[in-house]
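Scroll down for the structure; my scribbles are underneath it.
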Amino acid sequence: MAPTEFPHHASDRPADLSERLSDRPAVAVVGPGAIGTTVAAALHEAGRTPRLYGRTARDHLQLRHDGGSVVVPGPVGIDPARGAEPADLVLLAVKATQVEAAAPWLAALCRPGTVVCVLQNGVEQEAAVGPHAPGCAVLPSVVWFPAEARPDGSVWLRGPARLTLPDVPAAAVVREALRGTRCSVELAADFTSVAWRKLLQNAAAGLMVLSGRRAGVFGRADIARLALDYLREGLQVARAEGADLSDEVPREIVDGFRSYPADLGTSILADRVAGRPLEWDTRNGVILRRGRAHGIATPISEVVVPLLAAGSEGPG
Numbered sequence: 168m169a170p171t172e173f174p175h176h177a178s179d180r181p182a183d184l185s186e187r188l189s190d191r192p193a194v195a196v197v198g199p200g201a202i203g204t205t206v207a208a209a210l211h212e213a214g215r216t217p218r219l220y221g222r223t224a225r226d227h228l229q230l231r232h233d234g235g236s237v238v239v240p241g242p243v244g245i246d247p248a249r250g251a252e253p254a255d256l257v258l259l260a261v262k263a264t265q266v267e268a269a270a271p272w273l274a275a276l277c278r279p280g281t282v283v284c285v286l287q288n289g290v291e292q293e294a295a296v297g298p299h300a301p302g303c304a305v306l307p308s309v310v311w312f313p314a315e316a317r318p319d320g321s322v323w324l325r326g327p328a329r330l331t332l333p334d335v336p337a338a339a340v341v342r343e344a345l346r347g348t349r350c351s352v353e354l355a356a357d358f359t360s361v362a363w364r365k366l367l368q369n370a371a372a373g374l375m376v377l378s379g380r381r382a383g384v385f386g387r388a389d390i391a392r393l394a395l396d397y398l399r400e401g402l403q404v405a406r407a408e409g410a411d412l413s414d415e416v417p418r419e420i421v422d423g424f425r426s427y428p429a430d431l432g433t434s435i436l437a438d439r440v441a442g443r444p445l446e447w448d449t450r451n452g453v454i455l456r457r458g459r460a461h462g463i464a465t466p467i468s469e470v471v472v473p474l475l476a477a478g479s480e481g482p483g
């Protein structure tokens with residue numbers, strides 16, 4: 168199965184599911200980091216405050232934005248065995264490196280028919296999360312918003328918040344839950360192409376980790392050239408995986424980085440600075456792995472991926 172195809176259980180009983188969840192579904196957010204806090208705040212502002220679960224006990228979350236801030240009341244539950252009631256919709260906002268650790272939450276929160284929307288990077292979300300949520304509709308997503316965790320525990324949202332989901336019936340549950348909030352939801356008939364385009368953008372951001380610099384580094388002509396070459400080899404892999412992406416995509420992505428504020432970071436850079444495990448395999452290794460499977464040469468990936476892996480895992 169291709170990484171962005173969906174098993175039949177993702178759209179089972181669409182009419183019954185939509186009707187059952189249309190009236191104030193019980194929503195849980197697992198992983199109240201930058202992405203989880205943004206979505207939780209969007210729901211809270213609309214009077215749909217979700218239940219919060221994560222690794223660290225907190226009595227509230229705070230989202231800062233240009234217009235002010237939103238405080239989401241807690242608590243953040245930290246023990247799946249205590250007080251975690253099944254939900255209709257689970258927004259799984261942990262990183263790809265934390266899926267196994269989040270499995271007890273999925274076991275506690277999911278029941279047959281629960282929709283699990285995976286708010287994380289990559290094109291292999293359903294394959295990674297599906298085994299931990301049997302009988303549930305597991306939806307991948309593409310997250311399009313610049314949210315950064317701040318040292319004081321708050322999250323800074325630096326632009327509009329938007330999610331893209333595959334256009335399958337279960338996605339209507341997520342769209343309805345977020346309707347009218349600061350986090351818009353769009354459905355894509357060709358989700359494979361959207362997901363791989365974002366994957367290429369995330370892969371290029373790996374150069375920020377290797378250089379130890381934020382978005383301003385793409386203002387260097389040499390880094391821009393390297394990023395273009397890297398993205399062009401990734402584009403070949405994306406097309407082999409079924410993505411319909413034009414030759415202009417690499418240039419568009421690099422131009423996008425060059426247009427960002429010079430101090431704009433990325434989650435994988437923040438993890439490197441903090442000494443946390445990196446999503447190197449989800450964001451970069453997948454291009455190397457899939458390229459090899461298709462017999463596509465990826466010489467830049469052959470260098471970038473081991474360096475990112477070593478930076479994440481050592482030794483040394």
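In our numbering, the protein residues as written are 168 to 483. Ideal Cβ positions, reconstructed from N, Cα and C, are used throughout, including at glycine.
Measure the CB-CB distance between residue i and residue j and report whether it falls below 7 Å.
i: Ala254; j: Leu276; result: yes
i: Val283; j: Val305; result: yes
i: Gly432; j: Arg387; result: no
i: Thr348; j: Ala201; result: no
i: Arg191; j: Trp323; result: no
i: Leu367; j: Gly401; result: yes
i: Gly221; j: Pro199; result: yes
i: Asp334; j: Ala356; result: yes
Can you tell which of the options has the C-alpha that lies nearest to the C-alpha of residue i?
i: Tyr397; options: Ala193, Ile467 and Leu210; result: Ile467
i: Val194; options: Ala224, Arg225, Asp246 and Leu259; result: Leu259
i: Gly307; options: Tyr427, Tyr220 and Thr331; result: It is worth fixing the name first, because residue 307 is Pro in this sequence and not Gly. Ranking Tyr427, Tyr220 and Thr331 by Cα distance to Pro307 puts Thr331 first.
i: Pro247; options: Val196, Val290 and Ile454; result: Val196
i: Thr216; options: Val352, Gln292 and Ala207; result: Ala207
i: Gly423; options: Leu273, Gly483, Leu402 and Ala391; result: Ala391
i: Lys262; options: Ser426, Glu315, Leu445 and Leu354; result: Leu445
i: Ala251; options: Val266, Asp233 and Arg278; result: Arg278
i: Cys484; options: Pro318, Pro271 and Ala337; result: Limits of the chain in this structure are 168 at one end and 483 at the other, which puts residue 484 out of reach.
i: Ala316; options: Asp389, Thr205 and Ile463; result: Thr205
i: Arg218; options: Trp447, Asp233, Pro428 and Val239; result: Val239
i: Ala268; options: Arg364, Arg425, Ala339 and Ile245; result: Ile245
i: Gly442; options: His461, Gly481 and Ile420; result: Gly481
i: Arg450; options: Val296, Ala362 and Ala274; result: Ala362
i: Val340; options: Leu256, Gly203 and Leu455; result: Leu256
i: Ser426; options: Ile463, Gly458, Gly383 and Arg459; result: Gly383
i: Glu415; options: Gly458, Arg364, Leu393 and Trp447; result: Arg364
i: Val376; options: Val472, Asp389, Ala270 and Glu353; result: Val472
i: Pro298; options: Phe312, Gln403 and Val266; result: Val266
i: Gly458; options: Asp411, Leu393, Gln403 and Asp233; result: Gln403
i: Gly289; options: Val453, Pro242, Leu393 and Ile463; result: Val453
i: Ala295; options: Phe312, Pro318, Thr264 and Ala314; result: Thr264
i: Asp389; options: Ala274, Val421, Leu412 and Ser351; result: Val421
i: Gly203; options: Arg342, Arg456 and Val243; result: Val243
i: Pro417; options: Pro428, Ala429, Leu393 and Arg456; result: Leu393
i: Ala429; options: Ala314, Cys350, Ser413 and Phe385; result: Phe385
i: Phe312; options: Pro318, Cys350 and Arg342; result: Cys350
i: Phe358; options: Pro318, Leu412 and Arg456; result: Leu412
According to the neighbour-count rule (16 or more other Cβ atoms, all chains shown, within 10 Å of its Cβ), is residue i buried or exposed?
i: His211; result: buried
i: Leu475; result: buried
i: Gly379; result: exposed
i: Glu293; result: buried
i: Glu291; result: buried
i: Ser236; result: exposed
i: Val470; result: exposed
i: Thr465; result: buried
i: Arg249; result: exposed
i: Leu280; result: Sequence check: residue 280 is Gly here, not Leu. Under this definition Gly280 is a buried residue.
i: Ser479; result: buried
i: Arg346; result: exposed
i: Ala460; result: exposed
i: Ser360; result: buried
i: Ala344; result: buried
i: Ala477; result: exposed
Is residue i near the ligand FAD - that is, is its Cβ less than 6 Å away from at least one heavy atom of it?
i: Ala391; result: As for the ligand FAD, it is missing from this structure, which has no ligand bound.
Report yes or no: is there a C-beta of chain D within less than 7 Å of the C-beta of residue i?
i: Pro301; result: Absence of chain D from the displayed structure is noted, only one protein chain being present.
Handout entry: contact_flag[the segment 396 to 413, the segment 427 to 438] where n(CB pairs < 8 Å) is 3 or more
Key = No contact exists between the segment 396 to 413 and the segment 427 to 438.
Practice task
Examine the Cβ distances between the segment 359 to 372 and the segment 321 to 330 and report whether three or more of them are shorter than 8 Å.
Solution key: The segment 359 to 372 makes no contact with the segment 321 to 330: fewer than 3 CB pairs, one atom from each, lie closer than 8 Å.
Handout entry: Cβ contact check for the segment 405 to 419 and the segment 226 to 238: 3 or more pairs under 8 Å
Key = No: the two stretches stay apart, fewer than three of their Cβ pairs being nearer than 8 Å.
Practice task
Could you pull out every unbroken beta strand (DSSP E) segment of at least 3 residues lying fully inside the segment 208 to 236, listed in chain order?
Solution key: List check, beta strand (DSSP E) in window: 218 to 220 and 227 to 232.
Handout entry: Every unbroken beta strand (DSSP E) within the segment 307 to 337, with a cutoff of 3 residues, ordered by chain
Key = Contiguous beta strand (DSSP E) elements confined to the segment 307 to 337 occur at 314 to 316, 322 to 324 and 328 to 333, taking only those with 3 or more residues.
Practice task
Any chance you could list the alpha helix (DSSP H) runs of at least 4 consecutive residues sitting entirely within the segment 276 to 300, in chain order?
Solution key: Runs found: 292 to 296.
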